[in-house]
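Going by my numbering, the first residue of the sequence shown is number 50, and it counts up by one from there. For every residue, glycine included, the Cβ atom is placed at its ideal position computed from N, Cα and C.
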Amino acid sequence: MTLVATDEDRAHLRRALELADRGRGRVSPNPMVGAVIVRDGEVIGEGFHAELGGLHAEAAALADCRERGHDPAGAMIYVSLEPCAHQGRQPPCTQAILAAGLARAVIGCDDPSEKASGRGPGMLRDGGVEVEFIDGAEAAAARRLIQPFRKHARTGLPLVTLKSAISLDGFTATPSGDSRWISGTESRALVHRWRAEADAVAVGIGTALADDPLLTARDVDNPGSVHQPARVVFDSAARLPLDSALVRSIADAPLYVFVEAGADLDRVEALRAAGAEVIELAGERDRRLADALAELGRREITSLLVEGGAELAGSLLAAGAVDQLRVFVAPKVLGAGRPLAVGAGFERVAEALVPLAVEWERSGEDMLAAARLREW
Ligand code: AOF
Ligand code: ZN
Numbered sequence: 050m051t052l053v054a055t056d057e058d059r060a061h062l063r064r065a066l067e068l069a070d071r072g073r074g075r076v077s078p079n080p081m082v083g084a085v086i087v088r089d090g091e092v093i094g095e096g097f098h099a100e101l102g103g104l105h106a107e108a109a110a111l112a113d114c115r116e117r118g119h120d121p122a123g124a125m126i127y128v129s130l131e132p133c134a135h136q137g138r139q140p141p142c143t144q145a146i147l148a149a150g151l152a153r154a155v156i157g158c159d160d161p162s163e164k165a166s167g168r169g170p171g172m173l174r175d176g177g178v179e180v181e182f183i184d185g186a187e188a189a190a191a192r193r194l195i196q197p198f199r200k201h202a203r204t205g206l207p208l209v210t211l212k213s214a215i216s217l218d219g220f221t222a223t224p225s226g227d228s229r230w231i232s233g234t235e236s237r238a239l240v241h242r243w244r245a246e247a248d249a250v251a252v253g254i255g256t257a258l259a260d261d262p263l264l265t266a267r268d269v270d271n272p273g274s275v276h277q278p279a280r281v282v283f284d285s286a287a288r289l290p291l292d293s294a295l296v297r298s299i300a301d302a303p304l305y306v307f308v309e310a311g312a313d314l315d316r317v318e319a320l321r322a323a324g325a326e327v328i329e330l331a332g333e334r335d336r337r338l339a340d341a342l343a344e345l346g347r348r349e350i351t352s353l354l355v356e357g358g359a360e361l362a363g364s365l366l367a368a369g370a371v372d373q374l375r376v377f378v379a380p381k382v383l384g385a386g387r388p389l390a391v392g393a394g395f396e397r398v399a400e401a402l403v404p405l406a407v408e409w410e411r412s413g414e415d416m417l418a419a420a421r422l423r424e425w
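Have a look at this one:
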């Protein structure tokens, strides 16, 4: 049931979303979740899911409430995600809510995972708790906050974000392949933040060979405690050199290399011996791409940041596998150069992918277009 939410309900739910965001980059493959406990308009407890395996948001808010010397019985809880009903790394939140005697729960959005999907809200209602789902902007924001979790729960696949930086005349590199740097320092810092928030970062072998990237998150706050994404290389012929930055930094973050079945066995074995997980895929290019995403999903990769190059971008876009684009447009004119994507593309402009929404914002000297193609 959807409620007719008051402005006060919406404000508390927005606070729960703000709290949830504090778990960004620290809870995956779990969702970020926040909760606020309120009695007579007064906030008496707040909490969020702070790390994988740690307290769920509801339990954290209840603990905070008690620490502050309040009895939560009869109070309301605002929680950004449907409370869980299962025993996982943590006990079920529904039990904690029932045991605490909370009277009403206002929920930001449903949890589409198999073990949830309405079970928690049902149990709360059976236990006499008034349960309502918020609607409107707060509901949309609650879903948007946990897109990787939602897509992975619904499809087993990671949310795919394609990131690129283009010149004013639409190129990602000069004709000779030089791309350092198209975007400005602020934009590059932002990309390192996105890497720290992503479960994995991917490039095609062309980019791996041309740029010898590390794909780790650097120059972010608290470099010591930053989450490092797994690195992924789409490398049909197993050409990734053993002395590449990616292979040499395997101790810092896992490296997955997708090769085509039948790739040179010596090279595959050498990559494995160096510590890479090499996954062999068979079939047509599109089939292999789809299987690669499924393999990542199976490894609990819920979000994949694709950083190029043009062939990988073109294949993913044409296959409809991209969920969102983040494109920096930099105030430089290259005159000629390499495009963002190559491949079959679409025959007609009328077939173009049209985003559900695009947000344009300034990023230092650049403009950033964040386009959402699909929502989960
Ligand atoms: C909640 N509150 O704060 C979170 C929930 O095995 P666990 O304990 O890590 O639980 C993970 C699952 O619980 C996750 O897949 C999602 O369905 C739910 N996450 N639920 O009530 C929370 N993080
Ligand atoms: Zn829970």
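Residue i, DSSP secondary structure in three states
{"i": "L104", "result": "coil"}
{"i": "F220", "result": "coil"}
{"i": "A71", "result": "For the record, residue 71 in the displayed sequence is Arg; it is not Ala. R71 falls in the coil class under three-state DSSP."}
{"i": "Q144", "result": "helix"}
{"i": "V76", "result": "coil"}
{"i": "A322", "result": "helix"}
{"i": "R280", "result": "strand"}
{"i": "D415", "result": "strand"}
{"i": "V240", "result": "helix"}
{"i": "C158", "result": "strand"}
{"i": "V371", "result": "coil"}
{"i": "E408", "result": "strand"}
{"i": "L304", "result": "strand"}
{"i": "L291", "result": "coil"}
{"i": "E246", "result": "helix"}
{"i": "E329", "result": "strand"}
{"i": "A88", "result": "The sequence as given places Arg at residue 88; Ala does not occur at that position. It is a strand residue."}
{"i": "V376", "result": "strand"}
{"i": "R421", "result": "strand"}
{"i": "E396", "result": "coil"}
{"i": "R153", "result": "strand"}
Endpoints, beta strand (DSSP E) assigned at residue i
{"i": "L353", "result": "352-355"}
{"i": "M125", "result": "125-130"}
{"i": "F97", "result": "91-97"}
Segment limits, alpha helix (DSSP H) that includes residue i
{"i": "V386", "result": "The sequence given here has Gly at residue 386, not Val. Per DSSP, G386 belongs to no alpha helix (DSSP H) and is neither H nor E."}
{"i": "G500", "result": "In the structure displayed, the chain extends from 50 to 425; residue 500 sits before or after that span and is not available."}
{"i": "E344", "result": "334-347"}
{"i": "L366", "result": "359-367"}
{"i": "A294", "result": "294-297"}
Rounded Cβ spacing between residue i and residue j (contact assumed at less than 8 Å)
{"i": "S293", "j": "D260", "result": "The pair is not a contact, with the Cβ atoms about 10 Å apart (cut-off 8 Å)."}
{"i": "S352", "j": "P207", "result": "5 Å"}
{"i": "A110", "j": "V85", "result": "6 Å"}
{"i": "G94", "j": "H61", "result": "Not a contact, Cβ separation roughly 12 Å."}
{"i": "A367", "j": "G332", "result": "Actually they do not touch by this definition, with Cβ atoms about 16 Å apart."}
{"i": "R387", "j": "A359", "result": "6 Å"}
{"i": "K200", "j": "W425", "result": "4 Å"}
For residue j and residue i, the rounded distance between their alpha carbons
{"i": "I231", "j": "A152", "result": "55 Å"}
{"i": "V269", "j": "P121", "result": "38 Å"}
{"i": "R348", "j": "D89", "result": "45 Å"}
{"i": "R375", "j": "G96", "result": "31 Å"}
{"i": "A399", "j": "T221", "result": "25 Å"}
{"i": "A249", "j": "K381", "result": "30 Å"}
{"i": "A251", "j": "Y305", "result": "9 Å"}
{"i": "C142", "j": "G102", "result": "14 Å"}
{"i": "R321", "j": "L263", "result": "18 Å"}
{"i": "V371", "j": "L389", "result": "14 Å"}
{"i": "V327", "j": "P78", "result": "22 Å"}
{"i": "E57", "j": "D218", "result": "48 Å"}
{"i": "S129", "j": "A69", "result": "7 Å"}
Uninterrupted beta strand (DSSP E) stretches inside the region 162-214 (no shorter than 3 residues): The DSSP assignment places 179-182 as complete runs of the beta strand (DSSP E) inside the region 162-214, in order along the chain (cut-off: 3 residues).
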